[in-house]
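J.:
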């Protein structure tokens, strides 16, 4: 990332909004999508915020993503609904489906939406924060193109299938947003460009040895699943559930080029804490967080999941949001012209 | 494990059943619990089958586990129910709660049961296979005593909170059953007693360096979460959800000795595949498995989660079920006297 530029939240939102409107999104949808994207950059998730917008616009121009498509309900036999994303904008489809799961959860205590035929949801944590802000537990995941060798294999046969688990807490939500590979290709490139080795083994080198060398893993295309055989197994079942419940594609049916990746399957589960449990829920979450609040082994602090996000959010809202220069210039070139 | 003894399924079931009845379980409950335990040993999960029975019986005798307690429904506002396990037999409480989640799922498409005040559920996979056999997706997890340092900490502040995800497939269910530590203490002891190093880093040694030496990790009490910071974060949110939904204890409130570990919180989610999706579900799962069916990098085969369990099950039903001699003799001493 070429850094050094900071912008206000309003500037970022407005620039992304105009770029999306120029790419064909209806005004209201461009505004919402720009908010989700600006929120991601504000929270420090640059790789899945602004930095993904040029690719999204290229995919709209190439006809892979349909800027006009709206998701539709296919069936709804109770608290589980099946939706079709019609290859529309992934973030908007996902946001709509988590909102639907939340609405079902308010009626039934729990709601599940399975979404077929959608596109990259950008930052998965978006939909976890969305659920937590609504006072609900949110669990969601997506499948992806094949980018990860399952345990034992040398070829990328499964996806890194990011999963999000969010717990509402008035004093700071607990949110996990993680891909099932230990490091994304974006993260590997970052370590390489900074001349750093990985903090933990991240994949295999060309000789089949586990390594902390990011370039060796980029070359072998053998990143590691989290937990080795465990993350590999988890990737397979999450893909199966997403495809089976949505009736959509499994990872092995998704094209392997990043800008051809379309027709994804996703699952959104919401559990309404307010209606299903008593008021103790917030106190329980607070006590869990309080118990973790102590110095770490290396002299820092032990953090709860979501804590660093809030710290970054607060800092960037004051200092300005750091933006990648090339992504920013790309958007400015669209919106200023 | 001192091996060398093989018994038939019927012998194993009957011996466990009689031991549990002698420990105070009502006849029908002893029979069901013995089936769950014998199934675990049959499937090769010795550590969480027969080998846990002596400890269960000691905990009943010590009054930590109440052999007579039955779980009761506390509240049921829709498709989410809260149950109290009354510190009864963990495996029976868990089996009952997954059965309840399955019944809710048949009505609503999805069902969730949160269980407070229960005990060790033995093999978590039991409840995944239970859901899959009923034609449903099953997702469940438990919290545990504090046995795992969260990322950054040197003390065991969080649990290894096993999670199970099961997908029904007529040609062989897909079942993941995994603790969130990379290796359990039982697994570490096994590697150490065989004089083996771990296949991947499993924890920190006394100097804070990552190591494959099982004895060094047993000494430091610093096993690794799966995916390092990722599994650590997942452990925290799963604990929070289980405690918040059930109204029960979080890990930091659970006594740290294995035979004092009680008052656990668990979550059981079932999604009814038959009523929520069309018949394509089985074909989708079959295609995912077929795509993985190829030679592995080391000349073996790539397996889907659950495949090895079925292989072991078939083999042990023919050859007899391997039993740990000391556990077997302990049970025989109870049941023969």
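Residue numbers (my numbering), protein chains in the order written: chain W, 1 to 337; chain L, 1001 to 1337. Note that CB positions come from ideal geometry on N, CA and C, so glycine has one too.
For a cutoff of 8 Å on Cβ pairs, would you count residue 230 (chain W) as touching chain L?
T.: Answer yes: the Cβ-Cβ gap between residue 230 (chain W) and chain L drops below 8 Å somewhere.
J.: How far does the alpha helix (DSSP H) with residue 15 (chain W) in it reach, from first residue to last?
T.: Element bounds for residue 15 (chain W): 9–22.
J.: Which residues in chain L sit within 7 Å of residue 305 (chain W), going by Cβ to Cβ distance?
T.: What residue 305 (chain W) touches in chain L: 1233, 1236 and 1237.
J.: What's the gap between the Cα of residue 212 (chain W) and the Cα of residue 158 (chain W)?
T.: The straight-line gap from Cα to Cα measures roughly 22 Å.
J.: How should residue 41 (chain W) be labelled, buried or exposed, when 16 other C-beta atoms within 10 angstroms of its C-beta is the threshold for buried?
T.: Flag for residue 41 (chain W) reads buried.
J.: Counting only C-beta atoms, is residue 245 (chain W) closer than 8 Å to chain L at any point?
T.: Yes - at least one Cβ of chain L is within 8 Å of the one on residue 245 (chain W).
J.: Quick one: residues in its chain with C-beta nearer than 7 Å to the C-beta of residue 343 (chain W), no 5 flanking neighbours on either side, listed in chain order?
T.: Because chain W in this structure spans residues 1 to 337, residue 343 (chain W) falls outside the shown range and cannot be described.
J.: Can you grab the Cα-Cα spacing for the pair residue 286 (chain W) / residue 1333 (chain L), in whole Å?
T.: The straight-line gap from Cα to Cα measures roughly 48 Å.
J.: Which ranges does the beta strand (DSSP E) cover as unbroken runs of at least 3 residues, wholly within the stretch 1256–1335 of chain L, from first to last along the chain?
T.: Within the stretch 1256–1335 of chain L, the complete beta strand (DSSP E) runs of at least 3 residues are 1264–1272 and 1321–1323.
J.: Around the Cβ of residue 1177 (chain L), are there at least 16 other Cβ atoms within 10 angstroms (buried) or fewer (exposed)?
T.: Label assigned to residue 1177 (chain L): buried.
J.: If you drop the 5 nearest sequence neighbours on each side, which residues of the same chain put their C-beta closer than 8 Å to that of residue 218 (chain W)?
T.: Excluding sequence neighbours, residue 218 (chain W) sits near 185, 188, 189 and 192.
J.: Give a yes or no on whether the minimum CB-CB distance between residue 1182 (chain L) and chain W is below 8 Å.
T.: Output row for residue 1182 (chain L): interface = yes.
J.: Taking only beta-carbon atoms, is residue 286 (chain W) less than 8 Å away from chain L?
T.: No, residue 286 (chain W) does not count as interfacial toward chain L.
J.: Thinking C-beta only, is residue 1307 (chain L) closer than 8 Å to residue 1115 (chain L)?
T.: No; because the gap between Cβ atoms is not below 8 Å, this pair is not in contact.
J.: DSSP three-state label for residue 197 (chain W), please.
T.: It is coil, neither helix nor strand.
J.: Give me the chain L residues within the contact set of residue 140 (chain W), using Cβ-Cβ distance strictly less than 7 Å, ordered along the chain.
T.: Correct list: empty, because the minimum Cβ distance to chain L is about 13 Å.
J.: Run through DSSP, which three-state label would residue 1081 (chain L) get?
T.: Note: residue 1081 (chain L) maps to strand in three-state DSSP.
J.: Counting only runs of 3+ residues fully inside the stretch 164–220 of chain W, write out the beta strand (DSSP E) ranges in chain order.
T.: Runs of the beta strand (DSSP E) inside the stretch 164–220 of chain W: 174–178.
J.: Can you tell me which of the three DSSP states residue 1229 (chain L) falls into?
T.: Looking at residue 1229 (chain L) - three-state DSSP - the assignment turns out to be helix.
J.: Would residue 148 (chain W) and residue 225 (chain W) qualify as a contact pair, given that the criterion is a beta-carbon distance under 8 Å?
T.: Cβ distance < 8 Å, so residue 148 (chain W) and residue 225 (chain W) count as in contact.
J.: Measuring only between beta-carbons, confirm whether residue 1271 (chain L) sits less than 8 Å from chain W.
T.: So yes, residue 1271 (chain L) belongs to the interface.
J.: Between which residues of its own chain and residue 1151 (chain L) is the CB-CB distance below 7 Å, once the five residues before and five after are set aside?
T.: Cβ within range, chain order: 1225, 1228, 1229 and 1232.
J.: Starting from residue 1121 (chain L), follow the alpha helix (DSSP H) in both directions and report where the run begins and ends.
T.: That residue, residue 1121 (chain L), is in no alpha helix (DSSP H); it is neither H nor E in DSSP.
J.: In terms of alpha-carbon separation, which member of W:58, W:22 and W:313 lies closest to residue 336 (chain W)?
T.: Comparing Cα-Cα distances from residue 336 (chain W) to each of W:58, W:22 and W:313, the minimum goes to W:22.
J.: At a Cβ threshold of 8 Å, is residue 112 (chain W) touching chain L?
T.: So yes, residue 112 (chain W) belongs to the interface.
J.: Which residues of the stretch 187–209 of chain W have a Cβ closer than 9 Å to any Cβ of chain L? Give them in chain order.
T.: Taking 9 Å as the Cβ-Cβ cut-off against chain L, the residues of the stretch 187–209 of chain W that qualify are 199, 200, 201, 204 and 208.
J.: Under 8 Å between C-beta atoms, does residue 226 (chain W) make it to chain L?
T.: Closer than 8 Å: yes.
J.: Can you tell which of L:1031, L:1069 and L:1134 has the C-alpha that lies nearest to the C-alpha of residue 1100 (chain L)?
T.: The shortest Cα separation from residue 1100 (chain L) among L:1031, L:1069 and L:1134 belongs to L:1134.
J.: DSSP three-state label for residue 39 (chain W), please.
T.: DSSP places residue 39 (chain W) in helix when its eight states are reduced to three.
J.: Please decide whether residue 341 (chain W) counts as near chain L, where near means a Cβ-Cβ distance under 8 Å.
T.: Nothing about residue 341 (chain W) can be read from this structure; chain W reaches only from 1 to 337.
J.: For the 8 Å Cβ check, are there 3 or more pairs between the stretch 1245–1255 of chain L and the stretch 1202–1209 of chain L?
T.: With the cut-off at 8 Å, the stretch 1245–1255 of chain L and the stretch 1202–1209 of chain L do not touch.
J.: For residue 217 (chain W), decide whether its Cβ has a neighbour in chain L, counting only Cβ atoms nearer than 8 Å.
T.: Not closer than 8 Å to any Cβ of chain L, the Cβ of residue 217 (chain W) fails to qualify, so no.
J.: Output yes if chain W places a C-beta closer than 8 Å to the C-beta of residue 1078 (chain L); else output no.
T.: True, the Cβ-Cβ gap to chain W drops below 8 Å.
J.: On the DSSP bridge list, what partners appear for residue 153 (chain W)?
T.: Per DSSP, none; premise fails for residue 153 (chain W).
J.: Which bits of chain W does residue 1174 (chain L) rub up against, with CB to CB less than 7 Å?
T.: Simply 236, 237 and 240.
J.: Any beta carbon from chain W within less than 8 Å of residue 1157 (chain L)'s own beta carbon?
T.: At least one chain W Cβ lies under 8 Å of residue 1157 (chain L).
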